[in-house]
Amino acid sequence: MVNKRRINYIFRILLVFLGMNAVWYAAYLLVHHPMLPSPLEVYQAMGQLGGRDIVLNVGYSLMRIFAGVLLALVVGLMIGLLMGRSALWNKLLDPVVYLTYPVPKIALLPVAMLFFGLGETSKILMIMLILLFQIIISVRDGVKAIPASTYDVLTSIGAGAGQKFWHITLPGALSVILSTIRISLGTAISVLFFTEIYGTEHGMGFFIMDAWLRLDYPQMYAGILLFSLVGFVLFLLVDLLDYRFMKWRT
Numbered sequence: 001m002v003n004k005r006r007i008n009y010i011f012r013i014l015l016v017f018l019g020m021n022a023v024w025y026a027a028y029l030l031v032h033h034p035m036l037p038s039p040l041e042v043y044q045a046m047g048q049l050g051g052r053d054i055v056l057n058v059g060y061s062l063m064r065i066f067a068g069v070l071l072a073l074v075v076g077l078m079i080g081l082l083m084g085r086s087a088l089w090n091k092l093l094d095p096v097v098y099l100t101y102p103v104p105k106i107a108l109l110p111v112a113m114l115f116f117g118l119g120e121t122s123k124i125l126m127i128m129l130i131l132l133f134q135i136i137i138s139v140r141d142g143v144k145a146i147p148a149s150t151y152d153v154l155t156s157i158g159a160g161a162g163q164k165f166w167h168i169t170l171p172g173a174l175s176v177i178l179s180t181i182r183i184s185l186g187t188a189i190s191v192l193f194f195t196e197i198y199g200t201e202h203g204m205g206f207f208i209m210d211a212w213l214r215l216d217y218p219q220m221y222a223g224i225l226l227f228s229l230v231g232f233v234l235f236l237l238v239d240l241l242d243y244r245f246m247k248w249r250t
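Residue numbering for the sequence shown follows the UniProt record's numbering, beginning at 1 and increasing consecutively.
So, in structure tokens, the structure goes:
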């Protein structure tokens, strides 16, 4: 049954891939302009991307994504757990979270660059901010939704605070954390592209914009496809973690 589901999933992905390429090729025939190369030209350009430079660009982008996600998880998990388990802290921090959450995070990029410069810190900070508030709210709501009777069961057998955390609180929070990361990852990648345009010589955002400035459209689209592929792999990784650690839900 599992293998059949996987085969169906792969088949759907291939079907969508072929459909998108068909639409792309039709648009290429209609536009017939260098700014929109054919799929074949772009895939040929992708085949020529191998080497140290592209590995370096992808590596820098992945490093920024992982660092931002890790920071958001650590800070968001701590604050979310605190708000979820303590009514007092929830009352104190709830207004702060709800007042700062609606602020467009990309609008804070100039502020981040003023305080932290054009280096890695400002880029990682922007990714963290995209995820942070959603993780805080999701973890808090996930923890508050755990029935008190669930903790009473472990209390009755003499379980300590640490055991309650590992066996009840963390599994309850992990489910919503993975869902939040899955939803926010696309936005985080978009923000990363924007931040990599400024003050850096490495990263997929820099690579794509550099190709655009050189009017190398096949390489530009190849970079966009590669960046999309990186995002797709990250989505699959989150799904894999969800399948690995959330089996108890089914």
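Ideal Cβ placement from N, Cα and C applies to all residues, glycine included.
In this text, all values refer to a predicted model and were calculated from it rather than measured experimentally.
Tell me the residue span of the alpha helix (DSSP H) that contains residue i.
i	result
threonine 187	170 to 195
glutamine 134	120 to 144
valine 103	Unbroken run through valine 103: none, as it is neither H nor E.
glutamate 41	39 to 47
isoleucine 109	Before going further, note that residue 109 is leucine rather than isoleucine in the sequence given. Element bounds for leucine 109: 109 to 116.
aspartate 216	Where aspartate 216 is concerned, there is no enclosing alpha helix (DSSP H), given that its DSSP letter is neither H nor E.
alanine 161	161 to 164
tyrosine 198	Segment: none, tyrosine 198 is in no alpha helix (DSSP H) and carries neither H nor E.
leucine 154	148 to 156
Which same chain residues end up closer than 8 Å to residue i when comparing Cβ atoms and leaving out the 5 residues on each side of it in sequence?
i	result
isoleucine 208	Phe193, Met220, Gly223, Ile224, Phe227
alanine 188	Ile65, Gly68, Val69, Ile127, Ile130, Leu131
phenylalanine 116	Ser122, Leu125
tyrosine 218	Here residue 218 is proline; the residue named in the question, tyrosine, does not match the sequence. Within the same chain, proline 218 has close Cβ partners Pro37, Glu41, Val42, Gln44, Ala45.
Taking 8 Å as the threshold (C-beta atoms), are residue j and residue i in contact?
i	j	result
valine 143	threonine 169	yes
leucine 36	tyrosine 43	no
isoleucine 106	valine 191	yes
residue 262	aspartate 141	What the structure shows of the chain is the stretch from 1 to 250, and residue 262 is not part of that stretch, so it cannot be assessed.
glycine 172	isoleucine 197	no
proline 39	tyrosine 25	yes
glycine 203	leucine 118	no
valine 230	leucine 62	yes
Whose C-beta lies closer than 6 Å to the C-beta of residue i among residues of the same chain, with five residues either side of it excluded?
i	result
alanine 72	Met128, Leu131, Leu132, Ile135
glycine 205	Phe193, Glu196, Ile197
Using a Cβ-Cβ cut-off of 7 Å (strictly less than) and excluding sequence neighbours within five positions of residue i, which residues of its own chain qualify?
i	result
threonine 150	Ile168
Q | Complete runs of the alpha helix (DSSP H) confined to the stretch 47 to 89 [at least 4 residues] | A | As summarised for the stretch 47 to 89, the continuous alpha helix (DSSP H) elements at least 4 residues long and confined to that stretch are 52 to 85, given in chain order.
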